[in-house]
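Novice:
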Amino acid sequence: MQVRPNNEQGDASPGSRARAEALAVGSVEALPARRLAQQLERGTPLRVKLGIDPTAPDIHFGHTVVLGKLRQFQDDGHQVVLIIGDYTARVGDPSGRSNQRPMLDPETIERNANTFQEQAFKILDRERTEVRFNSEWLRMEPENLLDLLARATVAQLLERDDFAKRMKAEEPISALELLYPLLQGYDSVAIDADVELGGTDQKFNLLFGRSIQAAYDRPQQSVMTMPILPGTDGVRRMSKSFGNYIGVTEPPEQMFGKVMSVPDANLEEYWLLLLGEPQPEDGPNQSKRELGRRLVERFHDSAAAVEAEEHFNRVFVRHEAPTDVETFSFSQDPVHLPAALSDAFGISRSEARRVLGQGGVKREGQVLPSEQLDYPAAELDDHVLQLGKRRFMRFRFAD
RNA sequence: GGCGGAGUGUCCGAGUGGUUAAAGGAGACCGGCUGUAAACCGGUUGGCUCAGCCUACGUAGGUUCGAAUCCUACCUCCGCCA
């Protein structure tokens, strides 16, 4: 592991150092120190790696922090290698929990990988992106896999802080999880990575990749960690499984609305991580609105941004129905309201009754009484029913 | 292979024969206040043909007037020893 095929010592020119510094803006760490400047000294484009397991199809704002940094590398003339972890996803990455995730079938992975790529290109430059699937090299002969396993020690793997904690807490660590860094590290060997990016939570894996590269007598990559974006709850990291994410393909109104629901305390972070600018000094409401507009603009367009804000004002400030309410057709007469609400909004009938009992159902802005459960069709036909604050549906009688 | 421990509602977690649809918390939802922020206040939170009924405490059986609680088998997970 002491092999140093390329000289890690040596000085970089001031120019390279300046460029390395510029590339590191906004990152948490760039390791080892000065390594990136040295790599830049070569004068040839670097191969910058990002690995993603396509367990969910959607890219959310959390991903865009790292993707934005990749884009910066591209704009500087470097080559991005996007690795889709189709192999690792198929095996079923157990990361974190004791309950193993259901294995994903190949079709789902394929589909996720495709939509994921498409969405990634909303940020990345397609021309300077090489997309690779890691099954290409990880689906290897057992002898080769064993050879890979022989190149790392258990002690190295257990160094990981996270594992130590979980051992102590008597939480399970699957063997696969333990080996995961090896597989990820091998990705770096396979694609000759010069730089690997990831969130701060990836620090161990990224650095482990360096060890693996060295074990294969390859030049070692440098690593750069990016801050983790908190979710809309302001507490946990943004993640699909926590339901606190904003997806890059969400419709403008929804995107804007979710941005508005981010706690004030996280605004500064959102500005820096998503726009790369400090939050303006014009009050939380204003700067949050601007953040929302700019993000909608980025992922849709400026007209959509204006409309999204108008929608927000209409529905949540003035408490009016949105302009484009979906239509729900019903054919019963009289209508049993709990049943209709259940069908229209996808909730259970019991829940519909409860909400109704709490004054949470309105017809054209008027609260419907909880006692009345049945209505003549004519009294609902062509009326907008509202469930809670944000769910609307236009009822239409169709026989 | 041996020994020990555990599986409860969306999640965490109490409950060891009887007002238990199951304490408490988190989350979520509704209402109030408001900037769809936070904080705060009140309410709800299995389903249904809803003053009643049905289904629920890993799975399948059994004991009992009555079980999440006792018994048997099985499944899954964790730890210790080898």
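In our numbering, the protein residues as written are 106 to 504. Virtual Cβ for every residue (Gly too), placed ideally from N, Cα, C.
(1) What is the C-beta distance between Leu-65 and Pro-389, in whole angstroms, given that I count them as a contact (C-beta under 8 Å)?
(2) What is the DSSP secondary structure of Ala-298, counted as helix, strand or coil?
(3) Go ahead and pull the three-state DSSP assignment for Gly-190.
(4) Hey, is the segment 134-144 in contact with the segment 168-184, meaning 3+ C-beta pairs nearer than 8 Å?
(5) Give me whichever residues DSSP pairs with His-441 in a beta bridge.
(6) If you run the structure through DSSP and keep just helix, strand and coil, what is Val-130?
(7) Looking only at C-alpha atoms, which of Glu-232, Asp-252, Pro-162 sits nearest to Thr-213?
(8) At the level of alpha carbons, what is the spacing between Gln-177 and Glu-301?
(9) Start and end of the alpha helix (DSSP H) containing Met-365?
(10) Ignore the nearest five residues each way along the sequence and tell me which others in Pro-427's own chain have a CB closer than 7 Å to its CB.
(11) Out of Tyr-285, Asp-230, Asp-191, His-168, point me to the one whose CA is closest to His-183's CA.
(12) According to DSSP, which residues form a beta bridge with Ser-434?
(13) As an exercise, report each continuous beta strand (DSSP E) stretch of at least 3 residues that is fully enclosed by the segment 299-336, in chain order.
(14) Going along the chain, which residues of its own chain have a beta-carbon closer than 7 Å to the beta-carbon of Asp-158, five neighbours each way excluded?
(15) Just confirm the distance between the C-beta atoms of Val-186 and Arg-237, as a whole number of angstroms; I'd bet it's less than 8 Å.
(16) Just checking my contact of Glu-374 with Pro-324 at CB under 8 Å: how many whole Å lie between their CB atoms?
(17) By the three-class DSSP mapping on this structure, what secondary structure does Gln-491 have?
(18) Our contact map puts Ala-503 next to Ser-434 with C-beta atoms below 8 Å; I'd like the distance itself, whole angstroms only.
(19) Whether or not the segment 140-155 and the segment 291-307 are in contact is what I'm after, with contact meaning three or more pairs of Cβ atoms, one per stretch, closer than 8 Å; do they touch?
(20) Using C-beta distances below 7 Å, list every residue in its chain close to Lys-227, excluding the 5 sequence neighbours before and after it, in chain order.
(21) Which residues does DSSP list as the beta-bridge partners of Glu-235?
(22) Please report the straight-line C-alpha distance between Ile-452 and Leu-446, rounded to a whole angstrom.
(23) Exposed or buried, what is Thr-169 when buried is set at 16 or more other beta-carbons lying within 10 Å of its beta-carbon?
(24) Specify the secondary structure class of Ile-164 as computed by DSSP and reduced to three states.
Specialist: Result, derived from the coordinates:
(1) There is no way to answer for residue 65, as the model of the chain reaches only from 106 to 504.
(2) Here residue 298 refers to the residue found at position 193 of the first sequence. Ala-298 falls in the coil class under three-state DSSP.
(3) Stepping through the first sequence from its first residue, residue 190 is reached at position 85. Of the three classes helix, strand and coil, the one that applies to Gly-190 here is coil, per DSSP.
(4) The way I'd put it, the segment 134-144 doesn't touch the segment 168-184; fewer than three beta-carbon pairs between them come closer than 8 Å.
(5) For the purposes of this step, residue 441 is taken as the residue at position 336 of the first sequence. Answer is Asp-479, bridged to His-441.
(6) Start at 1 with the first residue of the first sequence, and residue 130 comes out as number 25. In the structure shown, Val-130 adopts coil according to DSSP, grouped into three states.
(7) For the purposes of this step, residue 213 is taken as residue 108 along the first sequence, with counting starting at 1. Minimum Cα distance to Thr-213 is reached at Pro-162.
(8) To locate residue 177, count along the first sequence from 1; it is residue 72. To locate residue 301, count along the first sequence from 1; it is residue 196. Each residue's Cα considered, the two are about 14 Å apart.
(9) Here residue 365 corresponds to residue number 260 of the first sequence, with the count starting at 1. Note, Met-365: alpha helix (DSSP H), 357-365.
(10) In the first sequence, counting from the first residue as 1, residue 427 sits at position 322. Cβ within range, chain order: His-416, Arg-419, Val-420, Phe-497.
(11) One-based indexing of the first sequence puts residue 183 at position 78. The option with the nearest alpha carbon to His-183 is Asp-230.
(12) Position 329 of the first sequence, counted from the start, is the residue given in the question as residue 434. BP columns for Ser-434 point to Arg-501.
(13) Those beta strand (DSSP E) runs which fall completely within the segment 299-336 and span 3+ residues are 300-304, 327-331.
(14) The sequence position of residue 158 within the first sequence is 53, counting from 1. Excluding sequence positions up to five before and after Asp-158, its CB lies within less than 7 Å of the CB of Gly-190, Thr-193, Ala-194, Asp-198, all in the same chain and listed in chain order.
(15) What you label residue 186 is simply residue 81 of the first sequence in a count that begins at 1. What you label residue 237 is simply residue 132 of the first sequence in a count that begins at 1. Confirmed, about 6 Å.
(16) As a first step, residue 374 must be located in the first sequence, where it is residue number 269. As a first step, residue 324 must be located in the first sequence, where it is residue number 219. Taking the Cβ atoms as the reference, Glu-374 lies roughly 35 Å from Pro-324, outside the contact range of under 8 Å.
(17) What you label residue 491 is simply residue 386 of the first sequence in a count that begins at 1. Three-state result, Gln-491: strand.
(18) Counting from 1 along the first sequence, the entry for residue 503 is found at position 398. Counting from 1 along the first sequence, the entry for residue 434 is found at position 329. Yes, they are in contact, since the Cβ atoms of Ala-503 and Ser-434 sit about 4 Å apart, within 8 Å.
(19) With the cut-off at 8 Å, the segment 291-307 and the segment 140-155 touch.
(20) As a working note, residue 227 is residue 122 in the first sequence. Excluding positions up to five away in sequence, the list reads Val-353, Phe-404.
(21) Indexing the first sequence from 1 puts residue 235 at position 130. DSSP lists Val-186 as partners of Glu-235.
(22) Here residue 452 is taken as the residue at index 347 of the first sequence, counted from 1. Here residue 446 is taken as the residue at index 341 of the first sequence, counted from 1. Straight-line Cα distance between these residues: approximately 7 Å.
(23) Counting from one through the first sequence, the residue named residue 169 turns up at place 64. Label assigned to Thr-169: buried.
(24) What you label residue 164 is simply residue 59 of the first sequence in a count that begins at 1. Under the three-state reduction of DSSP, Ile-164 is assigned to coil, being neither helix nor strand.
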